[in-house]
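Comments concern the structure below.
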Amino acid sequence: HDGTHTTAISSLYLYRSSSPSDPVPGVYEPSLCVIAQGKKLVMLAAESYVYAPAQYLLASVDLPIVGQVIEASARAPYLSLRLDLDPGLIGTSIIESDVTTASRSVPATRGISVNRVDPGLLDAVIRLLRLLEVPRDIRVLAPLLLREILYRLLVGEQSGHLRRIASENSETQRIAQAIQWLRQHYTQPVRIEDVAREACMSASALFLHFKAVTAMSPLQYQKQLRLQEARRLMFGEALDAITAGYRVGYESPSQFSREYSRLFGAPPGRDIAQLRVGSTSSTVAV
0 HDGTHTTAIS SLYLYRSSSP SDPVPGVYEP SLCVIAQGKK LVMLAAESYV YAPAQYLLAS
60 VDLPIVGQVI EASARAPYLS LRLDLDPGLI GTSIIESDVT TASRSVPATR GISVNRVDPG
120 LLDAVIRLLR LLEVPRDIRV LAPLLLREIL YRLLVGEQSG HLRRIASENS ETQRIAQAIQ
180 WLRQHYTQPV RIEDVAREAC MSASALFLHF KAVTAMSPLQ YQKQLRLQEA RRLMFGEALD
240 AITAGYRVGY ESPSQFSREY SRLFGAPPGR DIAQLRVGST SSTVAV
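For the sequence shown, the positions run 0 to 285 when the numbering used here is used.
Okay, structure coming up:
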């Protein structure tokens with residue numbers, strides 16, 4: 000049936016939709032997303048990424064995005080998977096793969112990309128999926144296939160993109176640290192200097208690299224987190240708009256309503272009512 004489905008492999012999720020979806024905000028954590036059928040649009044700030052079968056989407060940091068299934072039907076439903084990426088396992092795979100790279104600092108680049116799926120990567124992903132049919136094999140074979148998938152990514156066109164997830168000294172990893180701090184403190188007033196200190200960067204360097212990775216400023220990122228959490232509180236915990244706004248750090252109900260409407264396309268009350276009518280699409284698609 001439609002929706003996101005967990006699997007016996009803890010880092011693997013499957014998604015199905017039998018119709019195009021509304022735009023749904025969410026947060027992409029470091030992950031590999033592959034489509035088997037249909038088409039997906041992902042929006043990061045003002046940028047759009049469309050991917051389909053024979054392509055994969057790679058996210059290297061936590062990114063607030065808007066996802067929308069744009070091609071799906073009852074006869075040919077949208078089918079996709081998401082594989083969460085563990086930085087520790089990536090680091091181990093880099094060492095084991097013995098694929099050397101220059102030690103110089105690599106500039107931060109956008110934390111999301113769409114790429115072609117090469118035959119080796121596709122074969123490894125299919126074999127991982129087939130493991131779900133033989134549960135007794137998962138404990139032994141899943142770790143091996145996860146390492147193979149990481150290896151295929153490491154020798155592919157997005158090798159540098161993946162390495163930045165695991166490299167403690169990369170600009171991307173410093174931005175990832177800043178993002179984690181923002182996710183823990185998004186309800187509080189935030190100064191750029193505070194975030195920069197957490198990332199061990201100057202304020203100007205943080206602003207430059209943060210925007211290079213996320214397509215938005217740290218304060219814009221914080222705003223996205225606040226509004227998405229407020230939406231979850233109203234939909235999932237039945238809080239009213241004023242209470243939800245205060246809970247996520249807004250001091251002005253009118254400012255909260257204005258910024259909420261700008262992101263979600265409707266004032267809080269109307270948006271939540273619409274969500275309850277079509278609740279199957281209230282979680283972001285893989």
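Beta carbons are placed, not taken as given, at the ideal position from N, Cα and C, and that holds for glycine.
Exercise. How is the alpha helix (DSSP H) around L205 delimited, first residue to last?
Worked result: Segment A202 to T213, the alpha helix (DSSP H) holding L205.
Exercise. For Q187, does the count of other Cβ atoms within 10 angstroms reach 16, so buried, or fall short, so exposed?
Worked result: Within 10 angstroms of the beta-carbon of Q187 lie fewer than 16 other beta-carbons, which makes it exposed.
For this session: Taking 8 Å as the cut-off, decide whether the C-beta atoms of A58 and S92 are in contact.
Result: No. Outside cutoff.
For this session: Enumerate in chain order the residues of its own chain whose CB-to-CB distance from I89 is below 7 Å, with the five nearest sequence positions on each side excluded.
Result: The answer, listed in chain order, is L149, L161, I164 and A165.
Problem set entry | At least 3 beta-carbon pairs within less than 8 Å: the segment 50-66 vs the segment 17-34 | The segment 50-66 vs the segment 17-34: in contact.
Problem set entry | Limits of the unbroken beta strand (DSSP E) element including L43 | L43 -> beta strand (DSSP E) spans K38 to L43.
Problem set entry | Close Cβ partners of P52 (< 7 Å) along its chain, the five nearest in sequence each way excluded | Excluding residues within five positions, the ones whose Cβ falls inside 7 Å are I34, A35 and Q36.
Exercise. Given that a residue counts as buried once 16 or more other Cβ atoms are within 10 Å of its Cβ, and exposed if not, what is V270?
Worked result: The identity of residue 270 in the sequence shown is Asp, whereas the question assumes Val. It counts as buried.
For this session: Give every residue of the same chain whose Cβ lies closer than 6 Å to the Cβ of L262, excluding the five residues on either side of it in the sequence, and list them in chain order.
Result: So the qualifying residues of the chain are L226.
Problem set entry | Inter-residue Cα distance where the pair is S94 and S201 | Note that residue 94 is Ile in the sequence shown, not Ser. So the two alpha carbons sit approximately 31 Å from each other.
Problem set entry | First and last residue of the uninterrupted alpha helix (DSSP H) at V113 | Here V113 belongs to no alpha helix (DSSP H); instead the beta strand (DSSP E) covers I111 to R115.
For this session: Kindly confirm or deny that the segment 64-82 and the segment 152-159 touch, where touching means at least three C-beta pairs closer than 8 Å.
Result: Cβ pair count under 8 Å is below three, so no.
Problem set entry | N114 beta carbon less than 8 Å from that of Q354 | Outside the modelled stretch of the chain, which goes from 0 to 285, sits residue 354, for which no answer is possible.
Exercise. What separation, rounded to the nearest whole angstrom, lies between the Cα atoms of Y249 and G235?
Worked result: C-alpha separation (whole angstroms): 19 Å.
Problem set entry | Terminal residues of the alpha helix (DSSP H) in which E170 lies | For E170, the enclosing alpha helix (DSSP H) has its first and last residue at E170 to H184.
Exercise. Which partner residues does I34 have in the DSSP bridge list?
Worked result: Bridge partners of I34: S79.
Exercise. Between which two residues does the alpha helix (DSSP H) containing R135 stretch?
Worked result: Here the alpha helix (DSSP H) through R135 covers P134 to L153.
Exercise. Which partner residues does Q67 have in the DSSP bridge list?
Worked result: According to DSSP, which records beta bridges pairwise, Q67 is partnered with L40.
Exercise. Under 8 Å, do I8 and L130 count as touching if we go by C-beta distance?
Worked result: Yes, the pair counts as a contact, with Cβ atoms nearer than the cut-off.
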